[in-house]
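Single-structure report; data block below.
Protein chains: 2
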Amino acid sequence: MFREKIKVFDCTIRDGGLINNHNFDDKFVREVYKALSEAGVDYMEVGYKNSKRLFSPKDFGKWKFCEDSDIEKVVSGIKSKTKISVMVDVDRVDIEDIKPKKESPVDMIRVASYVKDIDKAIFLVNHFADKGYETTVNIMAISRALDNELTEALNQLEKESRAQVIYIVDSFGALYQETTEFLVKKFQGILKTKEIGMHAHNNQQLAFSNTIEAIIHNANFVDGTVYGLGRAAGNCPLELLIGFLKNPKFDIRPILDLISKEFIPLRGKIEWGYIIPYAITGMLDEHPKSAIALRNGDKKESYREFYESLLGEDLD
Amino acid sequence: MFREKIKVFDCTIRDGGLINNHNFDDKFVREVYKALSEAGVDYMEVGYKNSKRLFSPKDFGKWKFCEDSDIEKVVSGIKSKTKISVMVDVDRVDIEDIKPKKESPVDMIRVASYVKDIDKAIFLVNHFADKGYETTVNIMAISRALDNELTEALNQLEKESRAQVIYIVDSFGALYQETTEFLVKKFQGILKTKEIGMHAHNNQQLAFSNTIEAIIHNANFVDGTVYGLGRAAGNCPLELLIGFLKNPKFDIRPILDLISKEFIPLRGKIEWGYIIPYAITGMLDEHPKSAIALRNGDKKESYREFYESLLGEDLD
Chain A
56 MFREKIKVFD CTIRDGGLIN NHNFDDKFVR EVYKALSEAG VDYMEVGYKN
106 SKRLFSPKDF GKWKFCEDSD IEKVVSGIKS KTKISVMVDV DRVDIEDIKP
156 KKESPVDMIR VASYVKDIDK AIFLVNHFAD KGYETTVNIM AISRALDNEL
206 TEALNQLEKE SRAQVIYIVD SFGALYQETT EFLVKKFQGI LKTKEIGMHA
256 HNNQQLAFSN TIEAIIHNAN FVDGTVYGLG RAAGNCPLEL LIGFLKNPKF
306 DIRPILDLIS KEFIPLRGKI EWGYIIPYAI TGMLDEHPKS AIALRNGDKK
356 ESYREFYESL LGEDLD
Chain B
56 MFREKIKVFD CTIRDGGLIN NHNFDDKFVR EVYKALSEAG VDYMEVGYKN
106 SKRLFSPKDF GKWKFCEDSD IEKVVSGIKS KTKISVMVDV DRVDIEDIKP
156 KKESPVDMIR VASYVKDIDK AIFLVNHFAD KGYETTVNIM AISRALDNEL
206 TEALNQLEKE SRAQVIYIVD SFGALYQETT EFLVKKFQGI LKTKEIGMHA
256 HNNQQLAFSN TIEAIIHNAN FVDGTVYGLG RAAGNCPLEL LIGFLKNPKF
306 DIRPILDLIS KEFIPLRGKI EWGYIIPYAI TGMLDEHPKS AIALRNGDKK
356 ESYREFYESL LGEDLD
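Residue numbers (my numbering), protein chains in the order written: chain A, 56 to 371; chain B, 56 to 371.
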């Protein structure tokens, strides 16, 4: 038996773009879109709508900006029911860049926000809803949110925002299933008119199980990426999610082909996945940036020293 | 807060030996024992007590036989509270090879058995208990066990066996957390005088989360291996387990050093971990042998073909 309301949301190109400055070539993005379409995946996120006044197109690939014309190029001619999403960061978007939905190939806009920026996120998401898009608010770094502040943010989202989905984002890969259960139930207790989403990172090999945990407690939007691609430890592997879900509309085979042909060679060029320094930042509930720096240096396997350096940050 | 009864059981050398015909050299095994001892791990399993009449020492390393003298060599001179375990397979052991506990460096003997062989397992485990060892029965391929047969086996184990611990062994890496919960509760409902153990395989990146799930529902013996080493997809990574458990007696740092120095180089020589064909056998609840054969051949990345070959086995 399956739950028809569950939507599988792929963010391979968007989250993977954080590793390579969004420099995926068109052929690769088309191959991903084609495979996801054949597999029956509901959404594909291609990148960010970041402001070109804040970030130079010389320094980043096109998927940091996601011009409508660039999206049209990679989806044209492919038969698909897969909807297109882009992500927007609070304070990094020019809202006048976003055309009305009916003039754009984009179906959904997701606003990524910390709890503290929730007022800005609500402003943005309502603006995009007014323009005709499906919308979500993705609450980042949830493992660090204070309960009273999270409660207030969720109450605001319920009362003031037109977002259809509110996401739990385990940015640090720090959640265990008991806390995932707690958060999904908390979200549902307040967000009576919204769906709940889950975006998990894989630092402790818990992205898939936390996503299952969220599904068990009735989250209906679940994120994954092909072969777990994503910054640092990466994300919930989409192929495992498809293998778990029972909806006959999904077909894992195009994803298997895509991994064979595109992702095994890619893994030889860029690094992501279960790597000890990312596991350490996950278990210590830290941003992975220190581990990313370690992996780019010449002491990349000095795990004990790295672990002790994180313990050594004195506070009072 | 921690649960003092939880015992962490390392089976790196035993399960890892299934990849390399038990050919770890003494220096490597000593390094593992030393690190586990410093980390406060409760048990270390070094291999199998297999019969030399059935398996030739020419074809296998010493850790398939685990002579007491070989064990003494690798533990001597190392200060440790870590107990030594060996595994015995039904029908593959000569019980006269096992000396009384007081003459042996071995503390625990674990009997691996399918449900169908439970009478033989009970005979063996009671024999080893008579000789003074701590004992367990590890029920393999649990995801394939029929409920009525499993119930009968558990009733027998409770009434007839002197094993202290009965393990759930997810040999195929097929369990999700809901079934893990169901099984742990089922075991506890019948095994009133025994502890419950969990040995998980990592085909679907669920070994760690299923082990946490078992802990949540009061399993107290939990298996892991350093860096997840083990046949095919490998096991629950011991370092993640240590990071999760709150008992201050555990120290993750010796394990981090061990991974840096010994396991990163080893991973360049032998293969284990998250590899798509093992994920496929996990999601289809199949023995990994077909995937192991695939990885040893020249079509190792032909995932779709492999997937379809497993679907194509007709039955009536």
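Each residue gets a CB set at the ideal place from its N, CA and C atoms; glycine is no exception.
Proximity below 8 Å, CB of residue i to CB of residue j
i, j, result
"residue 67 (chain A)", "residue 281 (chain A)", "yes"
"residue 117 (chain B)", "residue 77 (chain B)", "yes"
"residue 101 (chain A)", "residue 150 (chain A)", "no"
"residue 61 (chain A)", "residue 290 (chain A)", "no"
"residue 141 (chain A)", "residue 88 (chain A)", "no"
"residue 192 (chain B)", "residue 161 (chain B)", "no"
"residue 233 (chain B)", "residue 271 (chain A)", "yes"
"residue 365 (chain A)", "residue 345 (chain A)", "yes"
"residue 285 (chain A)", "residue 65 (chain A)", "no"
"residue 213 (chain B)", "residue 266 (chain B)", "no"
"residue 229 (chain B)", "residue 257 (chain B)", "no"
"residue 194 (chain A)", "residue 223 (chain A)", "yes"
"residue 180 (chain B)", "residue 217 (chain B)", "yes"
"residue 307 (chain A)", "residue 319 (chain A)", "no"
"residue 81 (chain A)", "residue 128 (chain A)", "yes"
"residue 311 (chain A)", "residue 358 (chain B)", "yes"
"residue 356 (chain A)", "residue 315 (chain B)", "yes"
"residue 172 (chain A)", "residue 145 (chain A)", "yes"
"residue 157 (chain B)", "residue 188 (chain B)", "no"
"residue 294 (chain B)", "residue 255 (chain A)", "no"
"residue 86 (chain A)", "residue 317 (chain A)", "yes"
Where residue i sits in the DSSP three-state scheme
i, result
"residue 108 (chain B)", "coil"
"residue 184 (chain A)", "helix"
"residue 62 (chain B)", "strand"
"residue 194 (chain A)", "strand"
"residue 280 (chain A)", "strand"
"residue 322 (chain B)", "helix"
"residue 169 (chain B)", "coil"
"residue 133 (chain A)", "coil"
"residue 144 (chain A)", "strand"
"residue 250 (chain B)", "strand"
"residue 161 (chain B)", "coil"
"residue 358 (chain A)", "helix"
"residue 274 (chain A)", "coil"
"residue 87 (chain B)", "helix"
"residue 290 (chain A)", "strand"
"residue 74 (chain A)", "coil"
"residue 123 (chain A)", "helix"
"residue 329 (chain B)", "coil"
"residue 341 (chain A)", "coil"
Test: residue i CB closer than 8 Å to a CB of chain E
i, result
"residue 322 (chain A)", "The structure shown contains no chain E; its protein chains are A and B."
Contact with chain A by residue i, beta-carbon distance below 8 Å
i, result
"residue 292 (chain B)", "yes"
"residue 246 (chain B)", "no"
"residue 250 (chain B)", "no"
"residue 359 (chain B)", "yes"
"residue 61 (chain B)", "no"
"residue 93 (chain B)", "no"
Proximity test, Cβ basis, 8 Å: residue i and chain B
i, result
"residue 42 (chain A)", "Past the edges of chain A, shown from 56 to 371, lies residue 42 (chain A), and the structure says nothing about it."
"residue 299 (chain A)", "yes"
"residue 295 (chain A)", "yes"
"residue 151 (chain A)", "no"
"residue 86 (chain A)", "no"
"residue 356 (chain A)", "yes"
Report yes or no: do three or more beta-carbon pairs, one from the stretch 251-269 of chain B and one from the stretch 301-318 of chain B, lie closer than 8 Å?
The count of Cβ pairs closer than 8 Å, one atom from the stretch 251-269 of chain B and one from the stretch 301-318 of chain B, stays below three, leaving the stretches out of contact.
Compile a chain-ordered list of the residues in the stretch 202-235 of chain B whose CB is closer than 9 Å to at least one CB of chain A.
Considering only beta carbons, the part of the stretch 202-235 of chain B lying closer than 9 Å to chain A consists of 231, 232 and 233, in chain order.
For the stretch 252-264 of chain B, enumerate the residues whose C-beta is nearer than 8 Å to any C-beta of chain A, in chain order.
257, 259, 260, 261, 262, 263 and 264
Pull out every residue of the stretch 327-345 of chain A whose Cβ sits closer than 9 Å to any Cβ of chain B, in chain order.
328, 329, 331, 334, 335, 337, 338 and 339
Would you call the stretch 227-245 of chain A in contact with the stretch 198-216 of chain A, where contact means no fewer than 3 C-beta pairs closer than 8 Å?
yes
contact_flag[the stretch 343-360 of chain A, the stretch 332-350 of chain B] where n(CB pairs < 8 Å) is 3 or more
no
Of the residues that make up the stretch 301-320 of chain A, which ones have a beta carbon closer than 8 Å to any beta carbon in chain B?
307, 308, 311, 312, 314, 315 and 319
Using a Cβ-Cβ cutoff of 9 Å, what residues of the stretch 263-285 of chain A are near chain B? List them in chain order.
263, 264, 265, 267, 268, 271, 282 and 283
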